[in-house]
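Chains as they are written, first to last, in this note's numbering: chain A, 34 to 141; chain B, 25 to 349. Cβ coordinates follow ideal geometry from the N, Cα and C atoms, glycine included.
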Amino acid sequence: MGLAQWDLDTPVIKGTSGLIAWEEEAFPEEFPCISCGRCVSHCPMGLVPTRLMDYSRHGFYEDADKWGVLDCVECGCCQYVCPAKIPLVHWIRLGKNAVTSMKRKKKS
Amino acid sequence: MKENTFILKSSPHFRDKDSVSKIMYAVVISLLPAVAASVYFFRLKAALIYVTCVATCLVTEAIFLKVRKKDIRSLWDGSAIITGLLLAMTLPPSLSLDLVIIGSVMAIALGKQVFGGLGYNIFNPALVGRAFLQIAFPVAMTTWVPPETLQVNTATFATPLGNLKFLASITEGSLTPLKDLFWGNVGGCLGETSAIALLLGALFLLFRKVIDWRIPVGIISALVVFTGVFWITSPEKYTHPLFHVLAGGLLIGAFFMATDMVTSPITPAGAWIYALGIGFLIGLIRLFGGFPEGVMFSILFMNTFVPLINRYTRPRILGERRGKA
Chain A
34 MGLAQWDLDT
44 PVIKGTSGLI
54 AWEEEAFPEE
64 FPCISCGRCV
74 SHCPMGLVPT
84 RLMDYSRHGF
94 YEDADKWGVL
104 DCVECGCCQY
114 VCPAKIPLVH
124 WIRLGKNAVT
134 SMKRKKKS
Chain B
25 MKENTFILKS
35 SPHFRDKDSV
45 SKIMYAVVIS
55 LLPAVAASVY
65 FFRLKAALIY
75 VTCVATCLVT
85 EAIFLKVRKK
95 DIRSLWDGSA
105 IITGLLLAMT
115 LPPSLSLDLV
125 IIGSVMAIAL
135 GKQVFGGLGY
145 NIFNPALVGR
155 AFLQIAFPVA
165 MTTWVPPETL
175 QVNTATFATP
185 LGNLKFLASI
195 TEGSLTPLKD
205 LFWGNVGGCL
215 GETSAIALLL
225 GALFLLFRKV
235 IDWRIPVGII
245 SALVVFTGVF
255 WITSPEKYTH
265 PLFHVLAGGL
275 LIGAFFMATD
285 MVTSPITPAG
295 AWIYALGIGF
305 LIGLIRLFGG
315 FPEGVMFSIL
325 FMNTFVPLIN
335 RYTRPRILGE
345 RRGKA
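Here it is, written out as structure tokens:
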């Protein structure tokens, strides 16, 4: 949770309750999805994270919307359990963004 | 002056320690009891087939990774070793080693790498290799030898299921005893004979939560129900379900082949459909089909449906109204 910061000039404001930094963030080697289904069984919202990730990654935003990408609460359980070390939440966030702007565009 | 010295990464920042290679090597470990049992029953020939299979699979995988310009390190993620071991376990002990090599190359090339490597294959690679051999060399693939530990003086020898299918073993009372099926003192493919060794490995996998319990439970119960119905209605024609569970490749298929993560459904409901389908097809082929054994074709057949099953068994999203898609 929280927002990743990329700049030291970001001000600390009243609502900032904490700042977490790691000395060295190792990026685990990413494997292709082996469809173990762990993300599916761990998702508290009953989503299929690996599918949402795949749709978002390849730009199939309408399919991602159909499979409920906007219902994701970004808890990160899927990414924690993923044995293939896929940044699922990262891609799902991207998909959510794209779907919301797509819907906004349709409305206007 | 600004320097971008931060590595930007979105949450969550903690990861479970489990990884793809750990899962793969857990499967390799779980297969070891059955490998040991088959080496005990079939001696040197079994060991030779295992070594040839695993070595050929690794070499084929390495060549493909090189050609496809992939990271050569993923050769050691363990998946090629599993394919080799599983393929060897489904081969008859009398198979000549050149056929073993052809089967292994086909398993990796046709079964896995043409689809894009680990994670993208539709069919279980080991079973693709076996299906290729079964269709291309049917005689060699159905020539069985008795285990070294069994004293028989016959030139021809059949597997327990072959006995059941082609000889009138029920009326003659020459059905293979359950005790031999359980310990593995019967003819058959290398790894499928010893039920106890397979169950040991399967218990480890279930405990380690590598395989989905729904798949073996679904397959076995569907087969028991299917064969049980025929056994109850005409016991003089059909044998009891326990024989079907212990004989042939059912246990290795249910616990090690059908549960292959890549080629099995990801949703719980999908796993049930997939498993019940396999069990039903195995029963159908064994009782009424032309082959004495149907595990391989049943699993391959249901593998083709996995993408479809995944698509139509979307779990209910929290708060979504029932019945509304």
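Asp236 of chain B and Ser141 of chain A have their C-alpha atoms some 47 Å from each other. For Pro36 of chain B, the closest of A:Ile53, A:His91, A:Thr133 and A:Asp40 by C-alpha to C-alpha distance is A:Ile53.
With contacts defined by Cβ atoms closer than 8 Å, Leu222 of chain B and Leu275 of chain B form a contacting pair. In the structure shown, the three-state DSSP call for Asp40 of chain B is coil.
Cβ-Cβ separation between Leu111 of chain B and Gly153 of chain B: approximately 5 Å, consistent with a contact (criterion under 8 Å).
Per DSSP, the unbroken alpha helix (DSSP H) holding Tyr336 of chain B starts and ends at Val319 to Tyr336. Judged by their CB atoms, Arg97 of chain B and Pro61 of chain A are not nearer to each other than the 8 Å cut-off. Cα atoms of Pro316 of chain B and Asp101 of chain B: separation of roughly 35 Å, rounded to the nearest angstrom.
When B:Asp42, B:Ser43 and B:Val51 are compared, the shortest CA-CA separation from Leu230 of chain B is found for B:Val51. Excluding the 5 residues flanking it on each side, Cys72 of chain A has same chain C-beta neighbours closer than 7 Å at Pro82, Thr83, Cys111, Val114, Cys115 and Leu121, in chain order. Closer than 9 Å at the C-beta level to chain A, one finds these residues of the stretch 100-119 of chain B: Asp101 and Ser103. In this structure, Ala104 of chain B places its C-beta atom within 8 Å of the C-beta atom of Leu82 of chain B. Three or more beta-carbon pairs drawn from the stretch 240-252 of chain B and the stretch 302-314 of chain B are found closer than 8 Å, and the two stretches are therefore classed as touching. The beta carbon of Tyr49 of chain B lies closer than 7 Å to those of Gly102 in the same chain, with the five residues before and after it left out.
Under the Cβ criterion of 8 Å, Gly143 of chain B is counted among the residues facing chain A. Close partners of Arg137 of chain A in chain B (Cβ separation under 8 Å) are lacking, with about 22 Å as the shortest Cβ gap. DSSP places Val73 of chain A within a helical segment (H, G or I) once states are collapsed to three. In its chain, beyond the 5 residues on either side, Gly135, Thr287, Leu324, Asn327 and Thr328 have a beta carbon closer than 8 Å to the beta carbon of Phe147 of chain B. Taking 8 Å as the CB threshold, Phe206 of chain B stays off the interface with chain A. Here DSSP, grouped into helix, strand and coil, assigns His123 of chain A to helix. Under the three-pair Cβ rule at 8 Å, the stretch 269-283 of chain B does not count as touching the stretch 329-336 of chain B. Taking all protein chains shown into account, Ile46 of chain A has fewer than 16 neighbouring C-beta atoms within 10 Å of its C-beta and is therefore exposed. Ranked by Cα distance from Met281 of chain B, the first of B:Ile341, B:Met320 and B:Cys213 is B:Met320. Interface flag for Ile290 of chain B against chain A is set, since a Cβ pair is found closer than 8 Å. In the three-state reduction of the DSSP assignment, Asp95 of chain B falls in the coil class, being assigned neither a helical nor a strand state. Here Gln38 of chain A is exposed: its Cβ has fewer than 16 other Cβ atoms, across all protein chains shown, within 10 Å. Identification of chain A residues near Ser43 of chain B by a Cβ-Cβ cut-off of 9 Å yields Pro61, Glu62, Phe64, Pro116, Ala117 and Lys118, ordered along the chain. In this structure, the straight-line span from the alpha carbon of Ala226 of chain B to that of Gln137 of chain B is close to 27 Å. The three-state reading of DSSP puts Pro57 of chain B in helix, counting H, G and I together. When rounded, the separation of the alpha-carbon atoms in Ala61 of chain B and Ser54 of chain B is 13 Å. Contacts between Arg340 of chain B and chain A, judged by CB atoms closer than 8 Å, involve Gly79 in chain order. Per DSSP, Lys136 of chain B is not a residue of any alpha helix (DSSP H), being assigned neither H nor E. Beta-carbon to beta-carbon, Ala70 of chain B and Leu185 of chain B are separated by about 20 Å, too far to satisfy the 8 Å threshold.
Per DSSP, Thr43 of chain A is not a residue of any alpha helix (DSSP H), being assigned neither H nor E. Taking CB atoms only, Asp104 of chain A has a neighbour in chain B less than 8 Å away. For the 8 Å CB-CB criterion, His123 of chain A and Ser43 of chain B do not form a contact.
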